[in-house]
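Quick notes on the structure that follows.
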Amino acid sequence: MSPKTFGVVLAAASGMVLGSDSFAQATSLEFPAPSPACTIKQRVGLTDVEIVYSRPGVKGRRIFGGLVPYGEVWRTGANASTRISFSTAVKLNGTEIPAGTYALYTIPDNKEWTVIINKDTGATIFNYNPTNDLARFHATPIQFAKSVETFTIELSDITDESATLDLMWEKTGVPVKLELDLASKLVPQIEAAMAAPGGRKPYYPAAMFFYDHGQDLHKASEWINAAIAERETYYIVHLKAKILARLGDKAGAIAAANRSSELAVKAEGPKSGYVKMNQDLIVSLK
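Just remember that this note's numbering sits 40 ahead of the position in the sequence shown, which is counted from 1.
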């Protein structure tokens, strides 16, 4: 091989190596996902809710009735089908859903959506099988004045026994009521714990739960007095005032509210929020 020919071959080989390096560098670049993945976890009462989905953007497109056709099953997001998990049984818009992990599909429409809970979490929108549907129910969409750019699922209005599951994109929101049967499960456990011999008792949280959830107020009153005997604080005495007020003992409630305010001023100063709450309670009883 002549020196000239060798130089040409060497240059070509060098170009191949440089080209390979450039390609390797290019393929190592990371670009933003068009529909980024999202996982939300929320405890509602004593139930853990988890939702795994992808979040497409509007990007100047018409969404419902356009990109997402009316009357057709939608994966409720992008990429893989959306998954939703409940650690206990729940109700969605009044429909019973056992504990478990499911695929969440929807059928959007102008006036009413169909929400689908499907047992096959490994399926995609392309091989969705309605025979695996656990439940279907309806939800009423609402219209927003301002557009939501990125598809969003969230849990709002959270209480011990309920929340709202919101599906939101473009100018459409679809609220789904989530409900839990907490009291029937927890009340027997509370009563058993309070009746058990020995050991410290959760007097204050037990009294608060009974008050908040419409349970036996006489038991709540007994437990709140026991809590005060262990540690007299403004927030515990304030709960006593509310329990007595609901029991119809106005004089006792007013006395407890005044005592709560005294303790609150000592602990937090005259601007304590409990002073205002106690005053409001007293006014409501007069």
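All C-beta atoms, glycine included, are put in the ideal place defined by N, C-alpha and C.
Euclidean distance between Cα positions of residue i and residue j
| i | j | result |
| --- | --- | --- |
| isoleucine 80 | leucine 195 | 9 Å |
| aspartate 256 | lysine 280 | 14 Å |
| proline 245 | glycine 238 | 18 Å |
| serine 121 | phenylalanine 166 | 10 Å |
| serine 224 | isoleucine 103 | 43 Å |
| methionine 248 | valine 216 | 28 Å |
| phenylalanine 63 | leucine 69 | At phenylalanine 63 the pLDDT is 49, less than 50, meaning the model places this residue with poor confidence; the figure from the coordinates comes in the next sentence. Cα-Cα distance, rounded: 10 Å. |
| glycine 85 | threonine 141 | 18 Å |
| isoleucine 193 | threonine 87 | 18 Å |
| proline 200 | arginine 83 | The sequence given here places aspartate at residue 200; proline does not occur at that position. Computed Cα separation, rounded: 9 Å. |
| glutamate 270 | serine 312 | 23 Å |
| alanine 307 | leucine 321 | 20 Å |
| valine 155 | threonine 135 | 11 Å |
Residues sharing a beta bridge with residue i, DSSP
| i | result |
| --- | --- |
| tryptophan 153 | Ala179 |
| leucine 219 | According to the sequence provided, residue 219 is glutamate. The question's leucine does not apply to it. Beta-bridge pairing links glutamate 219 to Lys131 and Ser202. |
| methionine 208 | Thr192 and Gly213 |
| leucine 144 | Thr122 and Ile157 |
| glutamine 82 | Val89 |
| glutamate 136 | Lys131 |
| tryptophan 114 | Thr146 |
| valine 108 | Phe104 |
| glycine 97 | Thr190 |
| aspartate 197 | Paired residues: none, contrary to the question. |
| alanine 77 | Ser94 |
Supposed close pair residue i, residue j - CB separation, criterion 8 Å
| i | j | result |
| --- | --- | --- |
| threonine 128 | alanine 139 | 5 Å |
| alanine 304 | tyrosine 274 | 4 Å |
| threonine 116 | tyrosine 93 | 7 Å |
| isoleucine 276 | alanine 260 | The pair is not a contact, with the Cβ atoms about 12 Å apart (cut-off 8 Å). |
| phenylalanine 177 | asparagine 150 | About 18 Å; that fails the 8 Å criterion. |
Sequence-distant residues of the same chain with beta carbon closer than 7 Å to residue i, five excluded per side
| i | result |
| --- | --- |
| aspartate 160 | Ala143, Asn169 and Asn172 |
| leucine 325 | Ala285, Lys290, Ala293 and Ile294 |
| threonine 180 | Glu152 |
| glutamine 183 | Lys211 and Thr212 |
| phenylalanine 46 | Below a pLDDT of 50, predicted positions are generally treated as unreliable, and phenylalanine 46, at 44, falls in that range; the measurement from the model is reported next regardless. Excluding residues within five positions, none has a Cβ falling inside 7 Å. |
| valine 315 | Ser301, Ala304 and Val305 |
| leucine 287 | Leu257 and Ser261 |
Spatial neighbours of residue i in its chain, beta-carbon cut-off 6 Å, leaving aside the 5 residues before and after
| i | result |
| --- | --- |
| tyrosine 243 | Trp263, Ala266 and Ala267 |
| proline 76 | Arg95 |
| glutamate 189 | Gly97 and Val98 |
| alanine 299 | Looking at the sequence provided, one finds arginine at residue 299 rather than alanine. Only Val277 meet the Cβ criterion. |
| valine 253 | It is worth fixing the name first, because residue 253 is histidine in this sequence and not valine. Excluding positions up to five away in sequence, the list reads Ala223. |
| methionine 208 | Val188 and Thr192 |
Cutoff 8 Å; reference residue i; Cβ partners in own chain excluding five residues on either side
| i | result |
| --- | --- |
| isoleucine 137 | Phe126, Ala129, Val130, Lys131, Ile157, Leu174 and Ala175 |
| alanine 233 | Lys241, Pro242 and Ala246 |
| methionine 317 | His278 |
| aspartate 197 | Ala203 and Thr204 |
| alanine 185 | Lys211 |
| asparagine 119 | Ser75, Ala77 and Ser94 |
Cβ of residue i within 8 Å of any chain C Cβ
| i | result |
| --- | --- |
| alanine 267 | Looking at the structure shown, chain C is missing, and only one protein chain is on hand. |
Closer than 7 Å: residue i CB and nearest the ligand FMN heavy atom
| i | result |
| --- | --- |
| glutamate 194 | The ligand content of the structure shown is nil, which means the ligand FMN is not present either. |
(request) Say whether the stretch 106 to 116 touches the stretch 214 to 224, bearing in mind that this needs 3 or more beta-carbon pairs closer than 8 Å, one atom from each stretch. (result) no
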